[in-house]
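Protein chains in written order, with the working numbering: chain A, 298 to 512; chain B, 298 to 512. Each residue gets a CB set at the ideal place from its N, CA and C atoms; glycine is no exception.
There are 2 protein chains.
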Amino acid sequence: MSLVRVHNFSISLDGFGTGEGQSKDAHFGHAGDRLHEWMFATRFWQPDGSGGVDYVFAREHEPGIGAEIMGAGKFGHPGWHEDPEWKGAWGPNPPFHTPVFVLTHHTRPSIEMEGGTTFHFIDASPAEALETARAAANGKDVRIGGGPTVIRDFLAAGLIDHMHTVVVPILLGRGVRLWDGLEGLEKNYVIEATSSPSGVTHVTFTRTGAGTAST
Amino acid sequence: MSLVRVHNFSISLDGFGTGEGQSKDAHFGHAGDRLHEWMFATRFWQPDGSGGVDYVFAREHEPGIGAEIMGAGKFGHPGWHEDPEWKGAWGPNPPFHTPVFVLTHHTRPSIEMEGGTTFHFIDASPAEALETARAAANGKDVRIGGGPTVIRDFLAAGLIDHMHTVVVPILLGRGVRLWDGLEGLEKNYVIEATSSPSGVTHVTFTRTGAGTAST
């Protein structure tokens with residue numbers, strides 16, 4: 298059985314996965330780039346980047362993934378569905394290289410991008426979306442790409458096998474929280490924390506009995 | 298100038314410093330002992346305990362402290378002020394061994410305990426309470442003992458020089474949050490995270506230019 302995985306999902310020390318005030322020019326609202334600077338500084342993002350613990354965690358984003366599911370808020374700013382030309386926030390060659398299923402009430406025809414990414418738009422529950430993504434993933438794993446609301450919904454539905462979150466030492470104060478309504482989640486997972494010299498802490502959740510990720 | 302310090306303040310991964318449903322038999326509500334098991338397992342708490350990173354952080358609770366300030370919710374369960382015999386949750390010899398200033402709207406005469414702890418009851422703002430505690434601390438540092446609301450109030454007032462929090466890998470889901478309303482707190486502190494083999498992560502805040510703690 299292919300696994301359902303979350304990678305590189307960054308949150309502030311106070312638990313926000315995105316800031317307040319998301320717009321076309323501020324994909325993460327008032328958080329800006331601050332939740333992801335740890336990743337930009339690694340070889341996962343740039344050739345001259347660091348190769349330590351932040352890098353080895355970051356690169357796990359890719360291997361073995363056959364499809365991604367993302368929320369409408371990751372695909373674009375509030376209101377993107379009113380722009381027929383909107384093709385996501387990543388330019389002509391998005392960094393997914395697989396089918397990507399965008400959860401939205403405003404479905405539209407699929408968009409084929411360069412580099413193997415195709416955006417599909419579906420209005421579905423987490424379990425239904427996962428069934429669709431698994432069929433497209435050809436036996437590989439499915440990544441849940443965020444935002445926080447989508448990850449929370451998949452966690453609440455018991456659908457996540459492996460999750461890598463990154464706690465960044467800033468206090469955003471406002472935005473969308475990851476952890477709301479997940480009391481007792483630790484009972485189903487082995488949780489490990491690994492602090493990095495960069496200041497972030499990698500926290501992994503591995504479902505008890507979920508086996509190991511394919512590579 | 299003596300410093301204002303927080304030590305061993307444990308929070309869940311979702312940021313709760315105490316659980317819901319605090320009572321005489323459940324000092325931390327539905328959290329039970331889960332926020333503090335990391336500390337009970339060390340030599341700080343028991344002779345046969347561990348002596349590693351959890352221990353060296355835990356023992357910093359004591360040296361150089363001349364007084365503590367705590368909230369009414371740490372001193373006792375909701376309603377303790379209606380019990381004239383209530384002397385705190387720690388037995389005849391509380392583990393403070395200094396003057397302790399309890400912030401409460403229900404003041405009462407001071408209570409002298411064994412081992413050097415005296416409980417004083419004051420109805421005061423954070424700044425006023427600190428002035429009083431500093432005078433009693435004889436040049437030593439003042440510890441802010443919690444709970445989460447009190448620490449948050451002192452942080453918001455800019456009064457904390459050094460803070461040691463411990464993130465425990467559980468999701469409480471409900472209770473009292475530490476971090477609410479503290480956006481941008483990181484600007485005034487050097488923040489370090491140190492993960493422990495026990496599973497907790499020690500997160501320290503050191504105020505820029507606050508000097509070093511006395512010992």
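Beta-carbon proximity check, residue i vs residue j, cutoff 8 Å
i	j	result
A490/B	V497/B	no
G363/A	N305/A	no
L452/B	V301/B	no
D311/B	L469/B	yes
T446/B	G388/B	no
W335/B	V463/B	yes
P381/B	M410/B	no
S407/A	T415/A	yes
E359/B	H461/B	no
S320/B	R431/B	no
A454/A	P396/A	no
Straight-line gap, residue i to residue j (C-alpha atoms, nearest Å)
i	j	result
R340/A	H333/A	14 Å
P466/B	I488/A	7 Å
A424/A	I448/A	12 Å
G478/A	E317/A	20 Å
T503/B	H459/B	5 Å
A510/B	G348/A	Residue confidence is low: A510/B scores 45 on pLDDT, short of 50, so the model does not pin down where it sits. Its coordinate-derived value is still stated next. About 35 Å.
E480/A	P344/A	40 Å
G370/B	A426/B	16 Å
E428/B	D438/B	12 Å
G329/B	W383/A	50 Å
F342/B	R331/B	Checking the displayed sequence, the identity of residue 342/B turns out to be Trp instead of Phe. Distance between the alpha carbons of W342/B and R331/B is about 15 Å.
R405/A	T505/B	52 Å
G346/A	D450/B	40 Å
R471/A	R471/B	18 Å
D420/A	V303/A	21 Å
L376/B	Y486/A	Per the sequence presented here, residue 376/B reads as Gly, with Leu not at that position. Going from the Cα of G376/B to the Cα of Y486/A covers about 38 Å.
G274/A	K484/A	Given a span of 298 to 512 for chain A in the structure shown, any question on residue 274/A remains unanswerable.
Integer Cβ distance of residue i from residue j, believed to fall under 8 Å
i	j	result
F525/A	V473/A	Any property of residue 525/A remains undetermined from this structure, which presents chain A solely from 298 to 512.
H417/B	F398/B	5 Å
H324/B	A386/B	6 Å
T441/A	L400/A	A small correction: the amino acid at residue 441/A is Ile; Thr does not occupy that position in the sequence shown. The pair is not a contact, with the Cβ atoms about 10 Å apart (cut-off 8 Å).
S493/B	V353/B	Not a contact, Cβ separation roughly 10 Å.
T315/A	G412/A	That belief does not hold up - the Cβ atoms of T315/A and G412/A are roughly 25 Å apart, past 8 Å.
H374/B	H403/B	With a Cβ gap of about 13 Å, H374/B and H403/B do not count as contacting.
L475/B	I308/B	5 Å
S495/A	A338/A	7 Å
Closer than 7 Å: residue i CB and nearest the ligand ADP heavy atom
i	result
G496/A	With respect to the ligand ADP, the structure offers nothing, as it holds no ligand at all.
Residues that residue i bridges to, as DSSP identifies them
i	result
D458/A	DSSP output for D458/A lists no bridge partner at all.
D345/B	In the DSSP output, where bridge partners are listed per residue, D345/B has none listed.
A426/A	Bridge partners of A426/A: none, in fact.
V500/B	T462/B and A490/B
L438/B	For clarity, residue 438/B is Asp in the given sequence; the question names Leu instead. Partner(s): I362/B.
A421/B	In the DSSP output, where bridge partners are listed per residue, A421/B has none listed.
F313/A	R474/A
F451/A	According to DSSP, which records beta bridges pairwise, F451/A is partnered with nothing at all.
S495/A	According to DSSP, which records beta bridges pairwise, S495/A is partnered with nothing at all.
V303/B	M460/B
A323/A	S320/A
T339/A	S347/A
I550/A	In this structure chain A extends from 298 to 512, so residue 550/A is not present and cannot be described.
Subject >> Every unbroken beta strand (DSSP E) inside the region 365–417 of chain B [3 residues or more] >> reply: Given a length threshold of 3 residues, each whole run of the beta strand (DSSP E) inside the region 365–417 of chain B is given here in chain order: 396–400.
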